[in-house]
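This report concerns only the one structure given below.
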Amino acid sequence: MSRKLVVGNWKMNLTLDQSKDLIQELANNVPFHAYVVIAAPVAYLHPLKDFIVGKRNIHLAAQNVHHEEFGAFTGELSAPMLASLGIEYCIVGHSERRIHFKEKNEVLAQKVTQLLNHNITPIYCVGESLEQREKGKTFDVIKKQLKEGLFHLTSEQIEQVIIAYEPIWAIGTGKNATPEQAEEVHAFIRKYIANKYDEDVADEIPLLYGGSVTTQNAQSLFEKPSIDGGLVGGSSLKSEDFIQVIKANFP
Ligand code: PEP
Numbered sequence: 004m005s006r007k008l009v010v011g012n013w014k015m016n017l018t019l020d021q022s023k024d025l026i027q028e029l030a031n032n033v034p035f036h037a038y039v040v041i042a043a044p045v046a047y048l049h050p051l052k053d054f055i056v057g058k059r060n061i062h063l064a065a066q067n068v069h070h071e072e073f074g075a076f077t078g079e080l081s082a083p084m085l086a087s088l089g090i091e092y093c094i095v096g097h098s099e100r101r102i103h104f105k106e107k108n109e110v111l112a113q114k115v116t117q118l119l120n121h122n123i124t125p126i127y128c129v130g131e132s133l134e135q136r137e138k139g140k141t142f143d144v145i146k147k148q149l150k151e152g153l154f155h156l157t158s159e160q161i162e163q164v165i166i167a168y169e170p171i172w173a174i175g176t177g178k179n180a181t182p183e184q185a186e187e188v189h190a191f192i193r194k195y196i197a198n199k200y201d202e203d204v205a206d207e208i209p210l211l212y213g214g215s216v217t218t219q220n221a222q223s224l225f226e227k228p229s230i231d232g233g234l235v236g237g238s239s240l241k242s243e244d245f246i247q248v249i250k251a252n253f254p
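Those letters in the sequence shown? Residues 4 to 254, by the working numbering.
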C-alpha cells in the first residue's frame, strides 16, 4: 500500500463555515489519487464527518486525545469518543503540545496505545529544537522520542503508526529544513525502527516532514526517497496553497 499522504494541521483556526468551504475546494481540485487528512478543531469533527461523505480523498484527524479511556477530566476527549465519531487519525505529541502543555513521552506513549486500541491511527510527532540541533543532539533527541513514545508497541501495532518529523525551529517560522536535512533525519528514523523491529516493519510506516512546508518547497521535499508526505500548518489554511502542496505529492 502507498505510504503517501498529506496532512493539514489547522490548529486553532477557521470557523466551521470556512472549514467546509476549504474542504469543498480541496475535494473539487485535488487529484483523484490524492490522500488528504485534515486535523480540524475538535468541535468541528462531527459536522465535518458528515460533510466529507462522498469526498473520498478527504479524511479527518483530531489534534489531540486524552491518555485515559474515560473519567473525571473536564474538557478532555478520549479515544473511544473519537472512534464513536468515526475519526480515523489523531496527532500525538505535536511540539506545541509538548511545549505549551508540558506533554512528556510517557504520557504520549499512553495516548498512542489508547488510539490504537480504538483503531485510530496516531500521527506521532518528533523533532529537535534549534539549540539541540546546534549542539549536535538531533539524533539523540529523536531516538528518545521514538523509544519512549513508540517502542512499547508490538510490530503489528507500530505498523499502524504515522511518524512526522517536525524540527521545532521550522514550525511556523518560514524556515524549513532543507530537503537534505529532512531526508537525513527521515532515513535515520527508518533505520532506527528497522533495528528495533525489522526492515519490513519500518518500510510500512509513513514518514511525514513538517515545518514551513510551502508551495515553493513542497516538491523538493516530497521527492526525497524517505519523505512520504507532509504535515502542513500555515499552508493548509488557504485552499490555493494547500491544493498546490497536495499536488506536489500527488503529481
Ligand atoms: C505544524 O503545525 O505541524 C506545522 C508544521 O506548521 P507550519 O507548516 O506552519 O510550520
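Idealized CB from N, CA, C, for every residue including glycine. Since we're looking at a predicted model, the values are computed, not measured.
Alpha carbon of residue i to alpha carbon of residue j, nearest angstrom
i, j, result
"G89", "K52", "8 Å"
"D276", "V248", "Summary: the structure shown does not reach residue 276, with the chain confined to residues 4 through 254, and so no result is reported for it."
"S239", "K138", "32 Å"
"K227", "P182", "7 Å"
"A167", "K194", "15 Å"
"G213", "A75", "34 Å"
"N16", "I208", "29 Å"
Contact test: residue i Cβ vs the ligand PEP heavy atom, cutoff 7 Å
i, result
"L234", "yes"
"H97", "yes"
"G11", "no"
"K250", "no"
"S81", "no"
"A221", "no"
"E187", "no"
"G130", "no"
"I166", "no"
"S238", "yes"
"K241", "no"
"I145", "no"
Host alpha helix (DSSP H) of residue i (start-end)
i, result
"G152", "T141 to L153"
"Y38", "Looking at the DSSP string, Y38 is not in any alpha helix (DSSP H), and its letter there is neither H nor E."
Limits of the beta strand (DSSP E) - the one that residue i falls within
i, result
"A167", "I165 to Y168"
"A64", "I61 to A65"
"G8", "In the sequence on display, residue 8 carries Leu and not Gly. It spans L8 to N12 - the beta strand (DSSP E) in which L8 sits, taken as one unbroken run."
*List in chain order: all unbroken beta strand (DSSP E) runs of 3+ residues lying wholly within the stretch 77-127.*
For the stretch 77-127, the full-length beta strand (DSSP E) segments reaching 3 residues or more read 92-95 along the chain.
*Are the stretch 216-224 and the stretch 188-204 touching, with three or more C-beta to C-beta distances below 8 Å?*
No, the stretch 216-224 is not in contact with the stretch 188-204.
*Fully enclosed by the stretch 172-224, which beta strand (DSSP E) runs are 3 residues long or longer?*
Entirely contained in the stretch 172-224, the beta strand (DSSP E) runs reaching 3 residues are, in chain order, 210-213.
*Any chance the stretch 134-152 sits against the stretch 76-83, with 3 or more Cβ pairs inside 8 Å?*
Counting Cβ pairs under 8 Å, fewer than three are found: no touch.
*Is the stretch 84-100 touching the stretch 120-131, taking contact as three or more C-beta pairs under 8 Å?*
Yes, they touch.
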